[in-house]
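Number of protein chains: 2
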Amino acid sequence: MFSIGTVARQTGLKVPTIRYYEQVGLLGAPERTEGNQRRYGKDQVERLGFIKHARDLGFPIEAIAALIDLAEHPDRSCAQAAEIAQRQLEDVREKLERLTRLEAELSRIAKGCSGTGVADTCYVMASLADHAHCGSEH
Amino acid sequence: MFSIGTVARQTGLKVPTIRYYEQVGLLGAPERTEGNQRRYGKDQVERLGFIKHARDLGFPIEAIAALIDLAEHPDRSCAQAAEIAQRQLEDVREKLERLTRLEAELSRIAKGCSGTGVADTCYVMASLADHAHCGSEH
DNA sequence: CTAATGTCTCTAGCGACTAGAGCTTCAAGA
DNA sequence: TCTTGAAGCTCTAGTCGCTAGAGACATTAG
Ligand SMILES: [Zn+2]
Ligand SMILES: [Zn+2]
Ligand SMILES: [Zn+2]
Ligand SMILES: [Zn+2]
Chain A
1 MFSIGTVARQ
11 TGLKVPTIRY
21 YEQVGLLGAP
31 ERTEGNQRRY
41 GKDQVERLGF
51 IKHARDLGFP
61 IEAIAALIDL
71 AEHPDRSCAQ
81 AAEIAQRQLE
91 DVREKLERLT
101 RLEAELSRIA
111 KGCSGTGVAD
121 TCYVMASLAD
131 HAHCGSEH
Chain B
1 MFSIGTVARQ
11 TGLKVPTIRY
21 YEQVGLLGAP
31 ERTEGNQRRY
41 GKDQVERLGF
51 IKHARDLGFP
61 IEAIAALIDL
71 AEHPDRSCAQ
81 AAEIAQRQLE
91 DVREKLERLT
101 RLEAELSRIA
111 KGCSGTGVAD
121 TCYVMASLAD
131 HAHCGSEH
């Protein structure tokens with residue numbers, strides 16, 4: 001049985017984050033000592049590792065909850081898991097596309113100003129004021 | 001003089017968003033009709049366009065506030081504008097790098113499961129449970 | 001003049017935490 | 001065994017940039 005701090009060190013999560021996951025129902029309530037402190041078993045530490053990894057990959061809490069539900073019913077079809085992973089992939093790809101466009105505009109904008117001029121004639125200011133300077137939609 | 005709804009249509013912002021920008025001090029309080037409705041002048045519409053464009057490029061509100069301050073003092077040095085643009089560019093690049101790594105992992109994960117199996121032996125589940133499957137840090 | 005649409009203020013909610021106050025419990029050394 | 005300092009507890013509120021809704025008032029077209 002591990003204290004919350006020990007589990008935090010093992011999983012790379014922060015202590016308040018672990019409590020938060022419990023609060024939102026991602027993790028079942030752990031046992032408690034007589035003095036009301038949380039004590040986690042190996043299973044729960046493993047589950048927190050799962051959550052951590054899924055969060056690191058950007059999955060939202062709600063999706064992780066569905067995946068955990070699935071993990072608790074190992075003989076169910078994994079169709080939902082595939083769907084969730086696919087959705088997350090698409091989400092990331094959309095964000096990538098948007099950020100790629102932004103990177104192009106921002107590097108142009110940043111390149112256009114050395115910071116040695118005056119606000120009135122600054123390329124950064126002009127670019128922000130008028131989207132017509134831009135080479136793409138965003 | 002334009003009503004808030006008209007300005008919303010002109011700028012592409014939503015009505016509550018414009019009120020929000022006023023609330024957080026990005027936009028000075030506009031004139032009001034006798035009946036207490038907001039009426040915007042051309043300058044304010046332009047400024048809202050500036051804000052919209054900067055937000056579309058991902059600049060945080062605080063940075064935009066600093067840029068607007070600069071726009072109101074056209075003879076000041078644009079060093080701060082250059083700095084803000086540079087920081088935003090770096091921020092976007094960091095996010096791009098992270099998302100690129102995530103895309104690699106997620107496309108591997110999604111490819112590994114057709115959704116026709118069972119949760120217990122699902123590649124998605126296994127990949128989330130163990131970072132050792134991953135080809136990079138994230 | 002009426003009816004429909006627009007606008008007003010205020011509060012609360014989103015996602016995923018994070019920070020802090022004020023208190024209690026645990027564990028290790030003397 | 002006692003003490004002390006770290007760790008844990010609950011609860012509230014704050015972060016960011018909006019968005020939604022309630023209930024009341026203003027404007028405008030027909
Ligand atoms: Zn400049
Ligand atoms: Zn643009
Ligand atoms: Zn599968
Ligand atoms: Zn991984």
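Same order as they appear, the protein sequences are chains A and B.
Going left to right, the first sequence walks through residues 1 to 138 as the UniProt record's numbering numbers them.
Going left to right, the second sequence walks through residues 1 to 138 as the UniProt record's numbering numbers them.
For each residue, glycine too, the CB sits at the ideal point set by N, CA and C.
> In chain A, which residues lie less than 8 Å from V92/B when you measure between Cβ atoms?
Replying inline: Near V92/B (Cβ distances below 8 Å), the residues of chain A are L99, L102, E103, L106.
> Of all the residues that make up the region 121-135 of chain B, which are near chain A by a beta-carbon distance shorter than 7 Å?
Replying inline: C122, V124, M125, L128, A129, H131: these are the residues of the region 121-135 of chain B whose beta carbon lies less than 7 Å from some beta carbon of chain A, given in chain order.
>> Just to confirm my understanding: we take P30/A, look at its own chain, exclude 5 residues before and 5 after, and list those with CB closer than 7 Å. What are they?
In response: Scanning its chain for C-beta atoms nearer than 7 Å, with the 5 sequence neighbours on each side dropped, one finds around P30/A the residues R38, R39, Y40, Q44, in chain order.
> Taking 7 Å as the line, does the beta carbon of A81/A fall inside it for any heavy atom of ligand 3?
Replying inline: True, at least one ligand heavy atom lies under 7 Å from that Cβ.
>> List, in chain order, every chain B residue whose beta-carbon is nearer than 8 Å to that of D75/A.
In response: Within chain B, the residues near D75/A are V118, A119, D120.
>> For R98/A and L102/B, what's the separation of their Cα atoms in angstroms?
In response: Spanning the alpha carbons of R98/A and L102/B requires a straight line of approximately 15 Å.
>> So, under 8 Å CB-CB, M125/A and A71/B are touching, yes? Tell me the CB distance rounded to an integer number of Å.
In response: Under the criterion of beta carbons closer than 8 Å, M125/A and A71/B qualify as touching, at roughly 6 Å.
> Can Y21/B be considered in contact with ligand 3, in the sense that its beta carbon sits closer than 7 Å to one or more heavy atoms?
Replying inline: No, ligand 3 has no heavy atom inside 7 Å of this Cβ.
>> For a cutoff of 8 Å on Cβ pairs, would you count I109/A as touching chain B?
In response: Yes, because at least one Cβ of chain B sits closer than 8 Å to the Cβ of I109/A.
> What are the start and end residues of the alpha helix (DSSP H) that includes Y40/B?
Replying inline: It is not in any alpha helix (DSSP H) - Y40/B carries neither H nor E in the DSSP assignment.
> Per DSSP, which one or two residues make a beta bridge with S77/A?
Replying inline: Answer is V118/B, bridged to S77/A.
> Quick one: is D56/B near chain A, going by C-beta distance under 8 Å?
Replying inline: So, interface residue.
> In chain order, what are the residues with a CB under 5 Å from some non-hydrogen atom of ligand 2?
Replying inline: This criterion selects H131/A, C134/A.
>> Looking at ligand 1, does it come within less than 7 Å of V124/A, judged from the CB to the closest heavy atom?
In response: At least one heavy atom of ligand 1 is nearer than 7 Å to the Cβ of V124/A, so yes.
>> Does the region 79-93 of chain A come into contact with the region 52-60 of chain B, if we say contact requires no fewer than three beta-carbon pairs (one atom in each stretch) closer than 8 Å?
In response: No: the two stretches stay apart, fewer than three of their Cβ pairs being nearer than 8 Å.
>> In this structure, how does DSSP classify F59/A when only helix, strand and coil are distinguished?
In response: Collapsing the DSSP output to three states places F59/A in coil.
>> For a contact defined as C-beta to C-beta under 7 Å, what are the partners of K95/A on chain B?
In response: Going along chain B in sequence order, the residues near K95/A (Cβ under 7 Å) are L99.
> Would DSSP call E90/A helix, strand or coil?
Replying inline: Helix at E90/A.
> So is G115/A in contact with chain B if we call contact Cβ pairs under 8 Å?
Replying inline: Yes, because at least one Cβ of chain B sits closer than 8 Å to the Cβ of G115/A.
> Is there at least one non-hydrogen atom of ligand 4 closer than 7 Å to the beta-carbon of H73/A?
Replying inline: Not so, every heavy atom of ligand 4 lies at least 7 Å from the Cβ.
> For the alpha helix (DSSP H) that contains H128/B, what are its first and last residues?
Replying inline: Note that residue 128/B is Leu in the sequence shown, not His. Going by DSSP, L128/B is part of the alpha helix (DSSP H) stretching over 123-129.
> From the DSSP output, which residues share a beta bridge with F2/B?
Replying inline: Paired residue(s): Y40/B.
> When the Cα of G25/B is compared with those of E137/B, G5/B, L67/B, which residue comes out closest?
Replying inline: The residue with the shortest Cα to Cα distance from G25/B is L67/B.
>> 8 Å is my cut-off, CB to CB: does Q23/A come that close to chain B?
In response: Among the CB atoms of chain B, none fall inside 8 Å of the CB of Q23/A.
>> Following a CB-centred definition, is G58/A positioned closer than 7 Å to any heavy atom of ligand 3?
In response: No, ligand 3 has no heavy atom inside 7 Å of this Cβ.
>> Less than 8 Å between CB atoms is the rule here; does F2/B satisfy it with respect to chain A?
In response: For F2/B, the closest Cβ of chain A is not nearer than 8 Å.
> Can you find a heavy atom of ligand 4 that lies under 7 Å from the Cβ of E105/B?
Replying inline: A distance criterion of 7 Å places the beta-carbon of E105/B in contact range of ligand 4, judged by its closest non-hydrogen atom.
> Identify the residues that DSSP records as bridge partners of R32/B: which are they?
Replying inline: DSSP, once it has assigned bridges, lists R38/B as partnering R32/B.
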